[in-house]
Structure formats: C-alpha cells, structure tokens
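Here's the structure we're looking at; comments come further down.
There are 4 protein chains.
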Amino acid sequence: MSDIKAALRAQAIETPSWAYGNSGTRFKVFAQRGVPRDPYEKLADAAQVHAHTGAAPSVALHIPWDKVDDYADLAAHASNLGVRIGAINSNVFQDDDYMLGSVTNPDPRVRRKATDHLLECVDIMDATGSDTLKLWFSDGTNYPGQDDIRSRQDRLAEALAEVYDRLGDDQRFLLEYKLFEPAFYTTDVPDWGTAYAHCVKLGPKAQVVVDTGHHAPGTNIEFIVAFLLREGKLGGFDFNSRFYADDDLMAGAADPFQLFRIMFEVIRGGGYTEDVAFMLDQCHNIEAKIPGQIRSVMNIQEATAKALLVDREALSAAQAAGDVLGANAVFMDAYNTDVRPILAEVRVEQGLDPDPMAAYARSGYFEKIAAERVGGNQAGWGA
Amino acid sequence: MSDIKAALRAQAIETPSWAYGNSGTRFKVFAQRGVPRDPYEKLADAAQVHAHTGAAPSVALHIPWDKVDDYADLAAHASNLGVRIGAINSNVFQDDDYMLGSVTNPDPRVRRKATDHLLECVDIMDATGSDTLKLWFSDGTNYPGQDDIRSRQDRLAEALAEVYDRLGDDQRFLLEYKLFEPAFYTTDVPDWGTAYAHCVKLGPKAQVVVDTGHHAPGTNIEFIVAFLLREGKLGGFDFNSRFYADDDLMAGAADPFQLFRIMFEVIRGGGYTEDVAFMLDQCHNIEAKIPGQIRSVMNIQEATAKALLVDREALSAAQAAGDVLGANAVFMDAYNTDVRPILAEVRVEQGLDPDPMAAYARSGYFEKIAAERVGGNQAGWGA
Amino acid sequence: MSDIKAALRAQAIETPSWAYGNSGTRFKVFAQRGVPRDPYEKLADAAQVHAHTGAAPSVALHIPWDKVDDYADLAAHASNLGVRIGAINSNVFQDDDYMLGSVTNPDPRVRRKATDHLLECVDIMDATGSDTLKLWFSDGTNYPGQDDIRSRQDRLAEALAEVYDRLGDDQRFLLEYKLFEPAFYTTDVPDWGTAYAHCVKLGPKAQVVVDTGHHAPGTNIEFIVAFLLREGKLGGFDFNSRFYADDDLMAGAADPFQLFRIMFEVIRGGGYTEDVAFMLDQCHNIEAKIPGQIRSVMNIQEATAKALLVDREALSAAQAAGDVLGANAVFMDAYNTDVRPILAEVRVEQGLDPDPMAAYARSGYFEKIAAERVGGNQAGWGA
Amino acid sequence: MSDIKAALRAQAIETPSWAYGNSGTRFKVFAQRGVPRDPYEKLADAAQVHAHTGAAPSVALHIPWDKVDDYADLAAHASNLGVRIGAINSNVFQDDDYMLGSVTNPDPRVRRKATDHLLECVDIMDATGSDTLKLWFSDGTNYPGQDDIRSRQDRLAEALAEVYDRLGDDQRFLLEYKLFEPAFYTTDVPDWGTAYAHCVKLGPKAQVVVDTGHHAPGTNIEFIVAFLLREGKLGGFDFNSRFYADDDLMAGAADPFQLFRIMFEVIRGGGYTEDVAFMLDQCHNIEAKIPGQIRSVMNIQEATAKALLVDREALSAAQAAGDVLGANAVFMDAYNTDVRPILAEVRVEQGLDPDPMAAYARSGYFEKIAAERVGGNQAGWGA
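Chains as they are written, first to last, in full-length UniProt numbering: chain D, 1 to 383; chain H, 1 to 383; chain C, 1 to 383; chain Z, 1 to 383.
Below, the structure is given as structure tokens:
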C-alpha cells in the first residue's frame with residue numbers, strides 16, 4: 001500500500017489554459033462569470049487546480065490564444081503561482097486561410113504560413129522552457145474528390161520533417177490523431193496508425209498522443225495504449241471523455257471502467273513515468289470551469305489508484321492457466337474497490353484537504369474572480 | 001416515362017434561409033464573400049436556387065434569426081422573387097438562458113420563455129401564411145445525474161401540448177429528433193420513437209420529421225421512413241448528409257445509394273405528395289452557398305428519378321418468389337441508371353437550362369452580390 | 001439501509017435454459033465438459049445459480065430446444081429443484097423454412113407455420129404456468145429490394161394480433177427488438193420504437209423487452225428505459241453485455257456504469273416491481289457456464305445496490321438548482337461505493353454463503369456433472 | 001476509352017473456395033441444393049464464375065477445409081477447369097484447442113500447433129504453386145483481464161517471424177485485420193495500424209490485406225488504402241460488403257459509392273497491378289452461391305470502370321484551385337455514369353456473353369449440380 005501511495009503522490013496531470021475560458025458547441029458558446037481575460041489569469045485558475053489536488057503542476061499553452069509579449073515573464077508568473085508551463089499546443093485552425101487545411105492545404109502559401117506557426121511554437125518552447133510540442137491538425141476534406149488524399153500526406157510529412165529538425169535536444173513533439181471534426185469526409189491524421197507511421201519515420205523525438213475522445217465507436221483504446229508502449233511510441237494522453245463524438249466531457253465521466261483499463265495498460269506497459277504525459281485537453285461547456293478540471297484530475301487519480309491495486313501476480317497466474325472467469329475477477333476486484341479513502345489519505349499526507357472539491361468551494365476563489373473579472377474580453381474559442 | 005417526368009416536375013424541395021449565411025464548426029466559422037446581411041437578402045439567394053432548378057419554390061425561416069418588423073412585407077418580397085415562405089423553424093438554443101435546456105429546463109421561468117417563443121412562431125406562421133412549424137430542441141444533459149430524464153419528458157409534453165393547442169386548423173408542427181449534439185449525454189428527443197410517441201398522443205397535427213443526418217451509426221433510415229408512412233406520421237425530411245455525426249453536407253453527398261433507398265420508400269409508401277415536406281436544413285461550411293444548395297436539390301432529384309424508375313411490378317414478383325438476387329437486381333438496375341439525361345429533358349421542358357450549376361455560374365449573380373454586399377453584418381450562426 | 005437490504009433481498013433474476021449448453025460464434029461452438037443433454041439437466045444447473053445467489057428463482061425455456069413430452073412433469077422437476085419455469089421463448093429461426101423470415105416471410109405457408117409455433121408456445125405457458133411469452137424475431141432482409149419493408153410490417157402485425165388474442169387473462173407477451181443479426185440489411189423489429197408502436201396498438205398484454213446488447217453504437221439505453229416506464233410499456237430486460245454487437249457477455253461485464261444507470265432509471269421510474277422482468281439471455285462461449293451466470297447475477301445485484309444508494313433527495317435538489325457538478329457528484333458517489341460488503345451481509349442474512357462464486361467452486365457440482373454427463377448429445381445451438 | 005477497356009480486361013478477382021459451400025450465422029446455417037462436397041467440386045463452381053465473367057481466374061483455398069492428399073492433382077484439376085489456385089488461407093479457429101487463441105494462446109503447446117499449421121500452409125503453397133499466404137487470426141479475448149494484451153503481441157510477433165522466415169523467394173504473406181468477432185473484447189490484430197506495424201518490422205514479404213467489411217463504424221477505408229499504397233504495404237483486398245459488422249454481403253452491395261472511392265484510390269496510388277490482389281472472402285447465406293459470386297465480381301468491375309472514368313486532369317486542376325464543388329463534381333460525374341454498356345462491350349470483345357448473370361442462369365449448370373450432388377457431406381463451415 002505504501003508503494004501505491006507513493007505512486008499516487010508522484011502523479012502529475014497537466015491542465016490546458018483554454019479550459020478556463022468560455023466554450024461551447026457550434027450552436028452556442030455560453031458565457032460564465034469570472035472567466036479569465038488573458039493568459040495570466042488562466043494560469044491563476046490553473047494554479048487553483050494544483051493547489052487543491054497537488055496533482056496538476058503544469059499548464060499547457062495554446063498558441064495563438066496565449067500569445068504574450070514576454071514568455072519569460074509568463075513562465076515566471078506561473079512559477080510564482082506554484083505551477084509551470086507544460087506543452088505548447090499549436091492551433092492552426094482559426095484563420096480563414098486554413099479553410100481547406102493548414103500544413104496540408106493545396107496552396108503552398110498557406111502551408112508555409114502554417115509551418116511557420118509551428119516553428120514559432122518551438123521558439124515559444126525555448127522561451128518558456130517547455131519540452132513538448134503538441135500537434136493537432138484539423139486538416140482534412142468534406143467531400144469525396146475535394147482534394148487528393150495522398151498528396152496531403154506528402155505535404156504533412158514535409159511539414160512534420162521541418163518541425164522535427166527544428167526541435168532541440170531535449171524537446172519532442174506529440175502527434176495527435178482524431179477520427180473526424182472539423183473535417184467531415186477525410187481527416188489527414190485520423191487514427192493512431194497514421195500518427196504512428198509518421199512518427200516512426202521521423203525518429204525518437206516524435207511520439208503519438210492518445211486523446212481518449214478521438215476514436216471510432218467500438219475502438220478498444222487500451223489496446224492502442226498497450227501497442228504504442230510496446231513500440232516505445234506513446235508520448236502522452238489527452239484524457240477527454242465522450243459518449244458520442246469528441247464531446248470534451250470531464251475525464252472518466254462517460255466510462256470510468258474504460259479509464260481504469262487504460263491506466264492499467266499504462267502501468268503494466270511501463271508507461272507510468274515522466275515520459276508519458278498525462279494531460280487534459282477539454283472544454284466544459286455548461287459546468288463551472290475550475291471545479292470541472294479538479295473533478296477530472298480526481299477521476300484520473302481514482303482510475304490510477306484502482307489500476308495500481310490490481311493484483312498482478314494473481315492476474316498473471318489466472319491468465320496463464322486460461323482461467324477466464326478467475327482472471328476477470330482479479331481485474332474487477334480492483335475496479336470495484338472504493339479508492340476514495342486511499343486518495344484522501346494521500347492528500348492529507350501531502351498537507352492537502354482530503355476533499356479538493358469542497359476545499360475549492362470553501363476557498364472563496366470563485367466569488368473573488370467573479371467580482372474582480374468584470375469588463376475586458378473573456379477568453380474563449382478564438383481568444 | 002411521361003409519368004416519371006410528370007412526377008419529377010412536381011417535386012418541390014424547400015431550402016432554409018440560414019443556408020445562405022456563414023457557417024462552420026465549433027472550431028471556426030469561415031466568412032464568405034457576398035453572404036446576406038438580412039432575411040430579405042437570404043430570400044433573394046434562395047430565389048436563385050429556384051430560378052435555376054425550378055424545384056425549390058419555398059424557403060424556411062428561422063426565428064429569431066429571421067425576425068423582421070413586417071412579416072407580410074417579407075412574404076410579399078418572397079412572392080416578388082418567385083418563391084414563398086415555407087416552414088417556420090423555432091430556434092431555442094442561442095440564449096444563455098437555455099444552457100440547461102429550453103422547454104425541458106428545470107427552471108420554470110426558462111420553460112415559459114421558451115414556450116412563449118414557440119407560440120410567437122405560430123404568430124409568424126399566421127402572418128406569413130406558413131402552415132408548418134418545425135420544432136427541434138437542443139435540450140438534453142451532458143452528465144449522468146445532471147437532470148431527471150423522465151421529468152424532462154413531462155416538461156416536453158406540457159410544452160408540446162400548449163403549442164399544439166395554439167395551431168390553426170390548417171397548421172401542423174413537425175417534431176425533429178437527433179441522436180446527440182449539442183447535448184452530450186441525454187437528448188430529450190433522441191430518436192424517431194420518442195418523437196412518434198409524443199406525436200401520437202397529441203393528434204394529427206403533430207408529425208415526425210426525419211433529418212437524414214441525425215441517427216446512430218448503422219441505423220436503417222429507410223425502415224423508419226416506411227414505418228412512419230405506414231403509421232401516417234411522416235411529416236417531412238431534412239435531407240442532411242453525413243459521414244460521421246450531424247455533418248451537414250450536401251444532400252446525397254455521403255451516401256447516394258441511401259438517399260435512393262429512402263426516396264424509394266417514400267414513393268412506395270404513398271409519401272410522394274404535398275403532405276410530406278422535402279426540406280434541406282444544412283449549412284455548407286467550406287463550399288459556395290448557393291451552388292451548394294443547387295447541388296443538393298439536384299442530388300435529391302436524381303435519387304427521386306432513380307426511385308421512380310424501379311420496376312415495381314418486377315420487384316414485387318421477385319420478392320413474392322423469394323428470389324433474393326432477382327429482387328436486388330431489379331432494385332439496383334434503377335439505381336445504376338444514369339438519370340441525368342432525363343432530368344435535363346425535364347428542365348428543358350420547363351424552360352430551364354438543362355445544367356443548373358453551369359447556368360448559375362454563368363448568371364453573374366455571385367459576382368453581383370460579392371460586389372454589392374459589402375459592409376453590414378453578415379448573416380450566420382446567431383444572426 | 002434496511003430498506004436497501006430488503007429491496008436487494010426481493011430481487012429476482014431469471015436465467016435462460018440455453019445458457020447451460022454449448023455455444024459459440026459462427027466460427028466455432030466450443031464444447032465444454034459437463035453440459036446438459038436435456039431440459040431436465042439444464043434446470044438442475046439453473047438451480048445451482050439460485051442455490052448460491054438466492055436471486056435466480058426462475059428459468060426461461062426456449063421452444064423447440066426445450067420441448068418435452070410432459071411439461072407438467074418438467075415444471076414439477078423445477079419445483080423439486082427449488083426453481084420455477086419463467087418466460088417461454090419462441091425460437092422461429094432454426095428451420096430451413098425460415099431462411100427468408102418466419103412471421104414476415106413472403107410465403108404464407110411459412111408464416112402460418114411460424115405463427116402456429118408461437119401459439120404452441122402459449123399452450124406450453126398454460127401447461128407450465130408461465131405467464132410470459134418472449135417474442136424475438138430474426139426476421140429481416142440482407143439486401144436492398146429483397147423484400148418489401150412495409151408488407152413485412154403488415155405480416156408482423158397480423159401474427160402478433162393472432163398471438164395476442166390467444167393470451168390468457170394473466171398472460172402477456174414481451175416483444176424484443178434488435179438492431180441487426182442475423183439479418184444484415186433490414187430487421188423487422190430493429191428498435192424500441194417499432195416494438196413500442198406494435199405493443200401500443202395491441203393493448204396492455206403486449207410490452208417491450210429491452211435487451212441491453214441490441215442497440216446501435218451510442219444509443220442511450222437508460223433513456224429508453226425511462227421513456228418506456230413513463231409510457232407503462234416496459235415489460236422486462238435481457239441483461240446482455242456487449243462491447244461491439246450482440247456479444248452476449250456476462251451482464252455488466254463491458255460497461256458496469258451503464259448497468260448502474262439503467263438500474264437507477266428502473267428504480268426511479270417505479271419499475272423495480274414484479275411487473276418488470278429481470279432476465280439474462282446470453283451465451284457464454286469461452287467461460288464456464290454456471291459460474292458465468294452466477295457472476296452475471298452478482299453484477300446485476302451490485303448495480304442495483306449502487307442505484308438504491310443514490311441519495312435521491314440530494315440529487316433532486318441539485319437538479320432543481322441547475323447544479324451540474326453537484327448533481328453528477330451525488331450520482332457518482334453511489335456508483336463509486338463498494339457495495340460488495342452490503343451484498344455479502346444480505347446473503348448471510350438469507351442463510352447463503354457471502355461469496356457465491358467461491359461457494360459454487362467448493363460445492364463439487366462441476367466435478368460431479370463433468371463425471372456424470374458423459375455420452376448423449378450435449379445441448380447447444382440447435383439442440 | 002480503349003485504355004479503360006484494356007484496364008478492365010486485365011482485372012482479375014479471386015473467389016474463395018468456401019464461398020461455394022453452405023454458410024450462415026451463429027443462428028443457423030442454411031443448406032442449399034447442389035453445394036459441393038469436396039474441394040474438387042468447389043473448384044468446378046469457381047470455374048463457372050470465371051467462365052461467365054472472364055475475370056475470376058483464381059481460387060483461394062482454405063486449410064484445413066480444403067485439405068487433399070495430392071495438391072498437385074488439385075492444381076491440375078483447376079488448370080483443366082480453366083482456373084488456378086490462388087492464395088492459401090490458414091484457418092486456425094475451428095479446433096477446441098483454439099478457444100483462447102491460436103498463435104497468441106497463453107498455452108505454448110497450442111501456439112506451437114497453430115504455428116505448425118501455418119508452416120504447413122506454406123508447404124501447400126509450394127505444392128500448388130501459390131505465391132500468397134493469407135493470415136487471419138480470430139485470436140483475442142472476451143473479457144477485460146482475461147489475458148495480457150501485450151504478451152499476446154509478443155507471441156504474435158514470434159509466430160509471424162517464424163512463418164516469414166519460411167517463405168520462399170517469390171512468396172509473401174498478407175496479414176488481415178478485423179475490428180472484432182469472434183473475439184468480443186480485444187482482438188489481436190484489430191486494425192490496419194497493428195497489421196502495418198508488424199509487417200514493417202518483418203520486411204517486404206509481409207503486407208497488409210484490407211477486408212472492406214472489417215472496420216469500426218465511420219472508418220474511412222479509402223484513406224487507409226491511399227496510406228498503405230504510399231507506404232508500399234498494401235497487399236490486397238477482401239471485398240466484403242457490410243451494413244453493420246462483418247456481414248459478408250456481396251461486394252458493393254451495401255455501399256457502392258464507397259467501393260468506387262476505394263477503387264479510385266487503388267488506381268490513383270498505382271495499386272492497379274498484379275501486386276495488389278483483388279479477392280472475395282465472403283459467404284452468402286441466403287442467396288444462390290455461384291450467381292452471388294458472379295454479381296460480386298460484376299459489382300467490382302463496375303466500381304473499377306467508374307474509377308477509371310474519373311477525369312484526373314480536371315480533378316487535379318479543381319483540387320489545386322481549391323474548388324470544392326468543382327472537384328467533387330468531376331468525381332461524381334464518373335460515379336454517376338452508367339458503365340454497364342462499357343462492360344458489356346468488353347465482355348463481347350472477350351468472347352463472353354454481355355450479361356454473365358443471364359448466361360449462367362441459361363447454362364443449366366445449377367440444375368446439373370442440384371441433380372448430381374446428392375448424398376455426401378455438403379461443404380460448409382467446418383467442412
């Protein structure tokens with residue numbers, strides 16, 4: 001049990017800066033009180049998640065949303081708040097130029113612009129000390145025939161190679177895949193196989209990131225996790241939860257059993273280390289922003305605790321014996337355990353409140369930002 | 001063949017006013033040149049679709065997007081353009097009040113506001129001469145436990161009853177269903193069964209509208225069409241096309257064979273009459289607006305022509321004989337026929353250009369609106 | 001807590017006779033040692049599930065698989081074993097005559113044969129004292145055009161009406177729906193809406209049965225449960241579990257959170273009574289038969305215990321307040337509780353072993369049947 | 001046009017020997033009149049498909065179903081019938097030993113047995129002159145925890161390596177993937193990425209085969225085709241058609257537009273050569289066997305003809321110009337063309353009847369085999 005507690009104490013889950021702004025669907029972005037107006041305020045909110053959970057020490061930036069004049073100053077601000085800058089996310093989808101794609105656009109001028117943006121993100125990594133670039137491309141097509149599938153792969157490969165070459169010795173990029181949306185017919189990186197194939201060709205500084213919300217119905221995500229770990233190509237996770245498509249719900253909200261199975265494969269495959277980044281990358285449209293992130297962090301912690309509880313020796317023995325029911329029972333025994341008491345103990349041992357949600361609610365932080373953050377432009381999609 | 005041509009000449013497909021404005025996904029709404037700034041300009045664009053196809057004589061309005069001071073004047077404007085006002089669509093999803101639902105919201109004040117909006121839409125029907133109210137509710141929940149599934153049905157039933165009672169003798173409403181989005185866990189009218197059950201209780205002026213883009217993967221839509229026609233409860237279609245979710249692609253773009261099968265069931269079930277409304281209700285994010293609607297109309301016409309070509313006598317004989325391959329062959333023979341020549345003939349007989357896409361391109365209309373519609377606020381989501 | 005325990009003690013879950021025979025996929029039926037050779041031996045195995053769980057007092061029969069000369073004798077045999085005959089399942093899919101359908105077959109001779117079989121099943125209900133007929137039809141088509149969708153509904157309605165009229169005063173039938181398989185293009189009862197519409201027309205003795213494994217990807221099953229209970233048309237469940245299609249896994253094995261949500265809607269909707277039948281209807285291909293059923297029963301009990309633990313007062317308050325995170329937290333608090341200790345207590349209070357799986361393993365029953373049941377024809381698909 | 005005709009004349013589509021036997025679903029295998037009793041009779045039926053289409057010159061064998069004492073004699077028999085032996089399919093799923101897997105089984109004895117079977121299939125390749133081994137593994141698990149996902153990959157890799165090393169200089173193997181079934185939780189080769197990664201490691205004699213019926217809902221198969229061709233790893237196709245899961249319908253029956261898009265990518269990617277095998281690998285449960293294969297061959301020919309008709313120059317110009325509607329129109333123009341007249345001409349030029357279905361029906365072959373093949377054991381699943 002002390003091993004499990006130690007493992008839980010060591011867990012770090014990165015939250016994304018945009019999670020603290022307004023968000024929504026194509027039908028409506030709902031405005032909430034107290035949301036940040038700039039990256040500095042976003043970091044302050046992210047620091048609250050860490051203050052109450054002890055498990056969210058870093059914050060991902062999204063460029064251009066989080067562009068500032070002085071990145072060193074932003075990093076220092078983070079440090080003062082008790083957090084640090086995590087991955088740099090390069091957004092190449094919110095410009096009219098990108099209507100038909102960014103790095104895969106048929107127009108070479110647009111491709112150049114998009115690739116330059118990616119290179120600028122590496123500059124920001126240098127300036128902030130970030131070691132991870134996260135690449136997600138909205139690129140694809142809406143109609144059969146609209147563009148040439150294979151030529152778009154050529155263009156993608158060319159842009160990735162240029163960015164790869166620009167990476168410093170201690171830097172890497174993570175290539176994200178997604179089944180669909182915003183493209184509706186083809187997506188240029190639609191599945192793990194595509195991301196994997198590109199990363200293998202590029203080399204060790206290119207890895208795959210698994211967003212748990214980005215798969216076709218019925219896809220077995222833990223299989224992909226196990227496979228990528230076996231290949232040394234799993235770079236991290238976005239722990240998005242979904243019932244239908246890319247619903248961006250709180251981690252573990254839709255299928256906590258799946259999250260447990262994924263965490264088990266991470267641990268079993270030797271991925272429970274700093275090399276595999278645990279990240280959130282989701283917007284919460286209708287619930288409060290900061291507690292939504294706290295709950296996501298807690299849900300991941302609970303899935304992790306359960307996965308750590310699996311009696312692997314007994315499991316292996318049952319598996320080797322072909323004991324289907326016995327092996328499943330060992331696995332489910334861990335899942336069915338209520339791990340909230342263990343996590344409460346871990347928190348108390350870290351000097352934290354055992355109940356982060358209640359502690360945040362009592363803190364008065366929300367009332368403070370709701371009162372202070374009046375006027376200005378609330379951060380959100382596009383800001 | 002003359003029967004088929006007569007049937008094709010009689011076909012009327014309604015286009016929606018919002019199709020002519022800007023649209024996009026949650027990631028980005030792309031601005032296009034020449035898009036309308038108000039409902040009058042939208043009607044002018046819709047009239048172009050009718051001018052070149054002869055098959056799009058009516059235009060659906062969306063309230064509040066198309067609110068004007070004088071609806072009689074708007075209707076007269078339509079008439080001058082050679083079209084008329086079709087269904088009134090009641091949008092109750094773009095107000096912060098509707099974050100947790102409109103007519104199913106737990107807050108009675110919000111429910112009252114939403115229902116009043118629906119009643120106002122009936123007033124607009126009276127003012128414009130529209131006989132059809134289209135009801136789609138974005139209502140639902142994002143998380144298990146968030147609200148009570150059954151209480152929301154009670155609230156929905158109450159609102160529907162109030163609107164039903166307000167309908168005039170020659171008016172009806174069509175209740176639309178959709179699997180998900182923008183709600184991500186439950187949707188209050190998620191499938192045809194839910195819409196059907198409510199409509200049966202309300203009476204003959206309540207009917208189901210099938211949006212062909214709103215089903216779970218694998219759903220057999222033509223079965224639903226056949227079933228609803230048998231029950232006398234099919235009110236109409238939104239001929240949205242999709243590969244994944246509610247992708248809002250041009251009608252027939254993703255699966256032309258499915259559109260053919262649907263049109264066959266419409267005809268076979270006696271639904272090829274004015275009682276079943278053929279409507280488009282989709283946004284085209286990356287292609288030109290007016291030709292996108294023209295192509296959608298043409299795709300429906302082609303599917304209809306093929307469906308009309310099915311040799312129903314031979315089909316019935318093969319079906320009765322249990323001749324699986326023979327029956328399928330009769331069906332496929334119609335689908336595999338190139339019906340574009342027939343449709344070109346029909347157009348010429350109507351005094352139209354045989355190629356609506358080319359005729360529109362030659363007309364100079366786009367260049368005209370692109371030059372004239374400068375300044376002002378372009379219509380789009382929320383306008 | 002005493003209320004919860006009382007509710008748990010009252011729960012009865014029916015197991016199906018065919019679960020104790022051999023089964024598999026189209027690729028291979030795997031033979032296991034000790035499987036029954038006749039309905040009497042099947043009942044003996046089912047009685048073991050009840051003996052160790054105290055929660056499986058009835059056994060569904062499947063006709064013609066379980067045809068015997070003397071049904072009164074079979075019922076008496078069940079009684080001697082401590083169980084009773086439950087629902088009668090009418091299998092009309094394992095005869096070459098049914099290749100193109102049973103009650104919806106284009107050939108009236110085959111329809112007559114199939115309907116006669118259903119009527120015979122009502123005779124068997126009379127002879128065994130069963131009050132429930134379960135109707136599942138494999139009927140459908142594999143190819144577009146193969147048969148007329150609507151005519152098949154006419155034939156279905158005609159057969160259902162004849163069976164309905166034959167039912168005694170205290171008898172009912174449950175109509176099952178299934179998305180697909182073995183039919184691959186249309187299925188004649190593919191969704192709850194179809195089953196519901198037929199049952200509404202027939203009257204109160206016709207109800208819908210929800211097989212939790214029979215839905216399109218993404219379908220929200222608890223919504224259907226809530227809806228059918230509101231309409232008074234939910235007759236029961238087959239608690240099949242699946243990751244992909246109709247996988248027939250142990251109840252709750254694939255998505256225990258979903259099973260909890262379903263049980264919550266049953267309880268909230270007033271369906272936790274004798275009027276809603278809790279049934280298993282699944283084959284276990286690779287695991288041992290009897291413990292597979294025991295585990296299924298236990299999984300349902302655990303989901304039920306969690307659903308009973310939901311603090312409904314707190315939930316309603318949070319829902320009414322629009323507190324998304326608060327309402328979800330109340331709901332999840334129950335789900336995250338480890339209810340195995342409560343269930344162990346309930347069992348001990350009933351004079352049972354707290355661990356049914358271990359007790360069965362210790363009982364020596366398997367070794368006994370494996371030794372005794374040598375020779376003869378093992379029961380399975382088709383036997 | 002003469003180029004197109006030449007390309008169509010060159011097309012060869014392999015049919016599988018098991019297609020001529022009885023088949024069905026897990027619910028029922030329907031017996032048909034006249035089905036073969038041995039591999040010799042299967043080849044005779046396959047030769048009929050070639051005789052009437054001129055496009056099915058080879059026949060895949062399935063071992064152990066098609067085991068014979070003298071493979072050279074079988075090959076000579078094929079030659080006498082005007083066809084030849086194509087791919088050797090290794091079936092390692094119909095033995096009780098394989099209940100928990102074949103080459104990935106936790107039991108080393110079973111793994112050895114399975115791998116030996118694969119090696120025996122290479123012996124049969126040598127004896128028959130076949131150059132292609134097709135590997136499909138039903139291996140996987142039904143329950144979380146049942147076996148170790150990663151260890152199964154290790155075992156798979158080991159078996160594949162042993163078989164790879166055994167291949168002769170002019171031999172290759174094709175590794176098939178499938179989302180699910182008969183395994184219901186994990187499948188050891190579930191997607192193209194898994195097959196691709198193994199093949200890349202093994203070398204040029206290992207390639208991926210795409211079964212068009214084996215994907216998750218929403219998967220864009222033509223993307224996979226384009227990607228694998230770009231990587232030089234596309235070995236061939238099984239042109240199975242499906243609405244739901246692995247439905248094994250006639251090629252192109254469910255989505256002819258998809259088949260066209262796939263064939264377009266084959267041609268565009270340089271895959272329309274002997275290096276990419278066009279195969280059928282499907283059972284037809286309810287329709288006549290030989291004409292079902294003829295129709296499948298014809299459907300592929302029609303999709304190919306349409307794909308060859310695409311005006312690639314016009315398409316590229318529209319794509320380069322970012323003309324979404326224009327590019328789609330070029331693509332759809334080819335699809336909407338009725339290519340049956342071209343194919344009829346090609347057949348006549350080859351000395352064939354322009355209508356293979358009618359010619360087969362007239363030939364009297366079915367009446368002959370129905371009369372002659374009485375007694376014996378009909379071939380089917382397991383035989």
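All C-beta atoms, glycine included, are put in the ideal place defined by N, C-alpha and C.
Backbone secondary structure at residue i - three-state DSSP
i: residue 214/H; result: coil
i: residue 339/D; result: coil
i: residue 279/H; result: strand
i: residue 385/H; result: As shown, chain H starts at 1 and ends at 383. That puts residue 385/H outside it, with no answer to give.
i: residue 60/C; result: strand
Interface flag, residue i vs chain H, CB-CB below 7 Å
i: residue 383/Z; result: Residue placement at residue 383/Z is poorly supported in this model, since its pLDDT is 45, which falls under 50; the coordinates still yield a value, given next. Chain H, which has no Cβ nearer than 7 Å to the Cβ of residue 383/Z, makes this no.
i: residue 28/D; result: yes
Interface partners of residue i on chain Z, CB under 8 Å
i: residue 267/D; result: Within 8 Å Cβ-Cβ: nothing; residue 267/D doesn't reach chain Z, min ~12 Å.
Nonlocal neighbours in the same chain, by C-beta distance under 7 Å from residue i, ignoring five residues either side
i: residue 306/H; result: 260, 334, 335, 337 and 339
i: residue 162/D; result: 115
Closest residue to residue i among the options (Cα-Cα distance)
i: residue 250/D; options: 207/D, 222/D, 208/D and 294/D; result: 294/D
i: residue 220/H; options: 226/Z, 188/Z, 254/Z and 204/Z; result: 254/Z
i: residue 314/H; options: 373/C, 145/C and 154/C; result: 145/C
i: residue 40/C; options: 142/C, 93/C and 73/C; result: 73/C
i: residue 330/Z; options: 199/Z, 273/Z and 264/Z; result: 264/Z
i: residue 214/H; options: 175/H, 158/H and 206/H; result: 175/H
Proximity test, Cβ basis, 7 Å: residue i and chain C
i: residue 290/D; result: no
i: residue 182/Z; result: yes
i: residue 331/D; result: no
Contacts of residue i in chain C (Cβ-Cβ under 8 Å)
i: residue 218/D; result: 217, 243 and 244
Residue-chain proximity (residue i, chain Z), Cβ-Cβ < 7 Å
i: residue 253/C; result: yes
i: residue 8/D; result: no
i: residue 262/H; result: no
i: residue 155/D; result: no
i: residue 286/H; result: yes
Chain D contact residues for residue i, given Cβ-Cβ distances below 9 Å
i: residue 196/Z; result: 193, 196 and 197
Contacts around residue i, its chain only, beta-carbon distance under 6 Å, and the 5 residues preceding and following it disregarded
i: residue 290/H; result: 45 and 48
i: residue 104/H; result: 139, 152, 155, 156 and 188
Under 7 Å by beta carbon: chain D residues contacting residue i
i: residue 340/C; result: 336
i: residue 324/C; result: 286 and 287
Same chain, Cβ closer than 8 Å to residue i, neighbours up to 5 away in sequence not counted
i: residue 349/H; result: 5 and 9
i: residue 292/C; result: 19, 250 and 284
Interface partners of residue i on chain Z, CB under 9 Å
i: residue 247/C; result: 142, 180, 181, 184 and 185
Residue i: contacting residues in chain H (beta-carbon distance under 7 Å)
i: residue 257/Z; result: 255, 256 and 257
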